[in-house]
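Quick notes on the structure that follows.
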Amino acid sequence: MFYRLKSNYILRGWNGMPWVLVRRPENAIKNLSQEQFQVLLLCDGETELPGGLLNDSLNETLRECESEGWVEPCEKSVPMDDDQYYRYYSNRYVKMVFWSVTGRCNYRCRHCYIDGPDGKLGEMSTEQAMDLIDQMAGCGVLRVDLTGGELFVRKDLWQLIDRILSYKMTIGQIYTNGWLVNEELIEQFELRGIKPNVQISFDGVGWHDWMRGVSGAEKAALRAFRLLHEHGFKTNAAMCIHRGNLHTLPQTVEALKVVGVDDLKVSTVDMTDLWRCNSQGNEMTREEYTRAMLPYIDWYYKAGRPIKRLEFGGVVELRSDGPAELKVRHYDGTEKCLDCYLCGITRWACYITPEGRLLPCMPMASSPEQNRFPLVQDIGLKQGLSGGYYMRFVNGRIRDLLAANPECSACAYRYKCGGGCRATALLQGNHDLMGCDREMCAFWKNGYEERILQAIQKAEAKYGVSTGA
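Using full-length UniProt numbering, you'd call the opening residue of the sequence shown number 1 and step up by one each time.
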């Protein structure tokens, strides 16, 4: 009897994750035990099993792999596809590459991380962008999320998408302002048999045009949401909240529901240089934002949980189908956090700027500190994901931060806060990669974790909802 890895599975490995089963087309991964990996290597459709190659334990593992639906028996030899055989990548594994394919934009947003209105970061040439995609494939990247600027102003975008798809990488999510979304664009996705999630910013009924600097932006976003929904695309909205549009949240939720959006993330506006110049007095501190969100917890339950998912970034996620979840508690309050990474997200994802700079996250693109991180064109993506300044940051631990930051090291909340967000420290704190995140200082020292929990529990009791938050 022969056993063959089913055609929708491939075997892969990375530095630190040597035995991985990948399920296509979604490219979901499963870390394997050594025994599982050993057995799956033999399930190549050409090796007769058990054939004296399996002891009792491995034979049991084979049965397990068959019951999991990973392999199938064959009466005769049926070789696997070439792509299914094991490949090892010497760089670290990244779950997703978040790539700004262009720094250009057709909007003039008041807060852009990369100063899209002036396109100061430009974009790679087609040749450079194609080479970057080839390098992603050479590093075993499985998912690419695309943004800009505005990605749809890039004239060779479909060439880039086709190159990504040729390597069977998934395009998980795209970020667009919606202005250029039309039937022809949707047809291009459908011709390729893909339907990535689409996120469109929507900054409040009556305020979206002001925030985005273009008359008609609000109408365009709602039209795009409706059109995508009609074609079966999953959409979600992101709302930048500030003093001016704070009161519009209930009205905004209702407007989004009408066009098929059931997932909204609300965030305060990061204090970029553009926002400092253009906020017209509407900026809010993180503490002001958190305090302003607390009454909306009661509103969400009182309104019958009108949208499936409403997240107040850095505060709480509210759901109509499950428990509320605090979005700020990352550590358990003990010394265990010292061995945690400075940022868990950057361990599994990376951001590439329009000019090709490898950064831990997009907000860092608005900080002068970004110049300390490498350009992919200079060192290559594999080297970037294997060593150098970028990896020193990614591999950094909370203990490293506390050793470099006496103020955080002496703080009573250090084992809950972990020093906060490095991008926020750069933008609004000490303007130092290892400096204080002042927003988190205010959050913990003023007892907002307990205030949020009390608001959730009070709302649940008041409106007869039991979610087990």
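From the three backbone atoms N, C-alpha and C, an ideal C-beta is built for every residue, glycine too.
Query: Give the secondary structure of F202 by DSSP, where H, G and I count as helix, E and B as strand, and everything else as coil.; Result: coil
Query: Going by other Cβ atoms of all chains shown within 10 Å of its Cβ, with 16 needed for buried, is P363 buried or exposed?; Result: buried
Query: Rounded to whole angstroms, what is the Cα-Cα separation between N197 and G52?; Result: 48 Å
Query: Could you tell me the alpha carbon to alpha carbon distance between P86 and K76, rounded to whole angstroms?; Result: According to the sequence shown, residue 86 is Tyr rather than Pro. Near 22 Å, if we compare the C-alpha coordinates of K76 and Y86.
Query: Any chance the region 236 to 249 sits against the region 204 to 216, with 3 or more Cβ pairs inside 8 Å?; Result: yes
Query: Looking at the structure shown, is A349 part of a helix, part of a strand, or coil, going by DSSP?; Result: strand
Query: Need the endpoints of the alpha helix (DSSP H) that G138 sits in, please.; Result: T126 to G138
Query: Apart from the five residues just before and just after E60, which ones in its own chain have a Cβ nearer than 8 Å to its Cβ?; Result: none
Query: Taking Cβ positions, are R343 and Y331 nearer each other than 8 Å?; Result: Correcting the residue identity first, residue 343 is Cys in this sequence and not Arg. Taking 8 Å as the Cβ cut-off, C343 and Y331 do not qualify as a contacting pair.
Query: By Cβ distance below 8 Å, which residues in the same chain neighbour L227 in space, the five residues on each side in sequence not counted?; Result: V181, N182, E183 and I186
Query: What's the gap between the Cα of G232 and the Cα of V465?; Result: 31 Å
Query: S320 by DSSP, collapsed to three states: which one?; Result: coil
Query: For C277, name the three-state secondary structure that DSSP assigns.; Result: helix
Query: Grab me the residues of R372's own chain with a C-beta within less than 7 Å of its C-beta, minus the 5 sequence neighbours each way, in chain order.; Result: Y389
Query: Would you kindly work out how many angstroms separate the C-alpha atoms of R143 and Q173, rounded to a whole number?; Result: 9 Å
Query: Just to confirm the assignment, what range does the beta strand (DSSP E) spanning T285 have?; Result: Taken as a continuous stretch (DSSP letters only), T285 belongs to no beta strand (DSSP E), as it is neither H nor E.
Query: Within 10 angstroms of its Cβ, does A469 collect 16 or more other Cβ (buried), or is it exposed?; Result: Its pLDDT being 48, under 50, A469 is placed unreliably in this model, and the coordinates cannot settle the point.
Query: How is P73 classed by DSSP in three states: helix, strand or coil?; Result: strand
Query: State the DSSP-derived secondary structure class of Y331, mapped to helix, strand or coil.; Result: coil
Query: Distance check for L359 and Q135, CA to CA, integer angstroms please.; Result: 16 Å
Query: Can you grab the Cα-Cα spacing for the pair I307 / R399, in whole Å?; Result: 40 Å
Query: Taking C-beta to C-beta, are A459 and Y301 nearer than 8 Å?; Result: yes
Query: Among the residues of its own chain, which have a CB less than 6 Å from the CB of V328, if the five just before and after it don't count?; Result: G314
Query: Can you pull the DSSP bridge partners for F98?; Result: D145 and Y351
Query: Considering only their Cβ atoms, is the gap separating Y3 from C74 smaller than 8 Å?; Result: yes
Query: Tell me, please, which residues DSSP counts as bridged to D263.; Result: R309
Query: Check for me: the alpha helix (DSSP H) holding G384 runs from which residue to which?; Result: L381 to G384
Query: What does a CB cutoff of less than 6 Å around K195 pick up in its chain, not counting 5 residues either side in sequence?; Result: F233
Query: Give a yes or no on whether the C-beta atoms belonging to L58 and Q34 are separated by under 8 Å.; Result: no
Query: Can you give me the C-alpha to C-alpha distance between residue 483 and E449, rounded to a whole angstrom?; Result: In the structure as shown, the chain begins at 1 and stops at 469. Residue 483 is therefore absent and cannot be evaluated.
Query: Just the C-alpha distance for G13 and V20, rounded to the nearest angstrom, thanks.; Result: 6 Å
Query: One question on the structure: do P354 and V101 come within less than 8 Å of each other, judged by their Cβ atoms?; Result: yes
Query: Just checking, does the region 251 to 265 make contact with the region 409 to 424 on the three C-beta pairs under 8 Å criterion?; Result: no
Query: Taking DSSP as the reference, what is the three-state secondary structure of R154?; Result: coil
Query: If you draw a straight line from the alpha carbon of V269 to that of R110, how long is it in whole angstroms?; Result: 10 Å
Query: Can you give me the Cβ contacts of A129 inside the same chain, cut-off strictly under 6 Å, excluding the 5 residues immediately before and after it?; Result: L160
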